[in-house]
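**Student:**
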Amino acid sequence: MQIVILPTADDVAAYGAELYIKQLTNKPDSVLGLATGSTPLALYRLLIQACQQQRLSFARAKTFNLDEYLGLAGDHPQSYRFFMQQHLFDAIDILPANTAVPDGNATDPFKACQQYEQQITDAGGIDLQLLGLGRNGHIGFNEPSSGLRSRTRVKTLTPATIADNARFFQPGEYQPHLSITMGIGTILDARKVLLLATGANKADAVQAMIEGPLTAACPASALQFHQQAIVVLDEDAAAKLA
Ligand code: F6R
Numbered sequence: 004m005q006i007v008i009l010p011t012a013d014d015v016a017a018y019g020a021e022l023y024i025k026q027l028t029n030k031p032d033s034v035l036g037l038a039t040g041s042t043p044l045a046l047y048r049l050l051i052q053a054c055q056q057q058r059l060s061f062a063r064a065k066t067f068n069l070d071e072y073l074g075l076a077g078d079h080p081q082s083y084r085f086f087m088q089q090h091l092f093d094a095i096d097i098l099p100a101n102t103a104v105p106d107g108n109a110t111d112p113f114k115a116c117q118q119y120e121q122q123i124t125d126a127g128g129i130d131l132q133l134l135g136l137g138r139n140g141h142i143g144f145n146e147p148s149s150g151l152r153s154r155t156r157v158k159t160l161t162p163a164t165i166a167d168n169a170r171f172f173q174p175g176e177y178q179p180h181l182s183i184t185m186g187i188g189t190i191l192d193a194r195k196v197l198l199l200a201t202g203a204n205k206a207d208a209v210q211a212m213i214e215g216p217l218t219a220a221c222p223a224s225a226l227q228f229h230q231q232a233i234v235v236l237d238e239d240a241a242a243k244l245a
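Okay, so the sequence shown: first residue is 4 according to this note's numbering, each after it adds one.
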């Protein structure tokens, strides 16, 4: 695990963007793993800018998102498909057919999970997987106690994650308690992993991920196993590291 600590969240986004630009420059048909949430927003804005300035093209890239709420169709404003269209896909030159997000509206979610794994395999595997970090140490929706070799599956969200994500929903609006998520094993199969964490509210999870034991109690600690994992932190998120 390589740890990079930078002064601000903007620096973290810029560092991440350069890694994506380098990846696509070296391999224009890269398979990219993507995440939603607040953390990658600044990075996505920089990728859009780079695309507009023609420093970067997604024309030959394929993407796979980590997760999706089960029970929300892709046109639901709180779905992760909608998030990705709004914050990245609609503003870059990627082919819509080359963007994959788990289908939250699948009639057979269990089959959809297997198909998602197969799609990743058929694409040749993920070259660079982007991750955020949950305050409880989750990656994707792999909540504490997730199997360290788990594959894409239906996962129940913990009350802590439901509470953390309530900020995206209107008061009284239906908020799913189930998700489809890539497994920890799926994530570890990516050739490179880039985890970004910013802000003081991530400091405990960052410490557990890097300095704690490798344990299902902190799913992100599984990255200690990965040969090519880069963790990029701002100073607030890194504040509890020894
Ligand atoms: C999102 C995802 C989650 C988030 C994590 C951090 O696709 O898989 O693991 O990365 O919950 O979310 P933010 O960035 O909103 O703090």
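No residue lacks a Cβ here, since even glycine has one placed at the ideal position from N, Cα and C.
The model shown is predicted, which means the values in this text are computed figures rather than measured ones.
May I ask whether a heavy atom of the ligand F6R can be found less than 6 Å away from the beta carbon of T66?
**Tutor:** The residue labelled residue 66 in the question sits at position 63 within the sequence shown. The answer is no for T66.
**Student:** Rounded C-beta distance between D167 and G202? I'm assuming under 8 Å.
**Tutor:** For the purposes of this step, residue 167 is taken as the residue at position 164 of the sequence shown. For the purposes of this step, residue 202 is taken as the residue at position 199 of the sequence shown. No, D167 and G202 are not in contact; Cβ-Cβ is about 12 Å, not under 8 Å.
**Student:** Should A38 be listed as close to the ligand F6R, given that the test is whether its C-beta is under 6 Å from any heavy atom?
**Tutor:** Here residue 38 corresponds to residue number 35 of the sequence shown, with the count starting at 1. A38 Cβ: within cutoff of the ligand F6R.
**Student:** Give the single residue among Q227, L199, N204, Q173 whose Cα lies nearest to the Cα of A17.
**Tutor:** Counting from one through the sequence shown, the residue named residue 17 turns up at place 14. Among Q227, L199, N204, Q173, the Cα nearest to that of A17 belongs to L199.
**Student:** Under the criterion of a Cβ to heavy atom distance below 6 Å, does S41 qualify as lining the ligand F6R?
**Tutor:** Numbered from its first residue, the sequence shown carries residue 41 at position 38. Checking the Cβ of S41 against the ligand F6R gives yes.
**Student:** Between the region 208-225 and the region 176-184, do at least 3 Cβ pairs fall closer than 8 Å?
**Tutor:** The region 208-225 is not in contact with the region 176-184.
**Student:** Is the region 118-136 close to the region 35-52, with three or more CB pairs under 8 Å?
**Tutor:** Touching, per the Cβ criterion.
**Student:** Closest by CA to F172, which one among I97, Q81, D207, Q231?
**Tutor:** Along the sequence shown, one-based indexing puts residue 172 at 169. That would be Q81, whose Cα lies nearest to the Cα of F172.
**Student:** How far does the alpha helix (DSSP H) with E120 in it extend, from its first residue to its last?
**Tutor:** Here residue 120 refers to the residue found at position 117 when the sequence shown is read from its first residue. Looking at the DSSP string, the run of the alpha helix (DSSP H) that includes E120 is 112-125.
**Student:** Going by DSSP, what residues sit across from I129 in a beta bridge?
**Tutor:** Within the sequence shown, the letter at position 126 stands for residue 129. Bridge partners of I129: none, in fact.
**Student:** What is the DSSP secondary structure of T2, reduced to helix, strand or coil?
**Tutor:** In the structure displayed, the chain extends from 4 to 245; residue 2 sits before or after that span and is not available.
**Student:** Buried or exposed: which applies to N29, given that a residue is buried once 16 or more other Cβ atoms fall within 10 Å of its Cβ?
**Tutor:** The count along the sequence shown starts at 1 and reaches residue 29 at position 26. Under this definition N29 is an exposed residue.
**Student:** Applying the criterion that 16 or more other CB atoms from any shown protein chain within 10 Å of the CB defines a buried residue, is L244 buried or exposed?
**Tutor:** Within the sequence shown, numbered from 1, the residue matching residue 244 stands at position 241. It is exposed - the Cβ of L244 has fewer than 16 other Cβ atoms within 10 Å.
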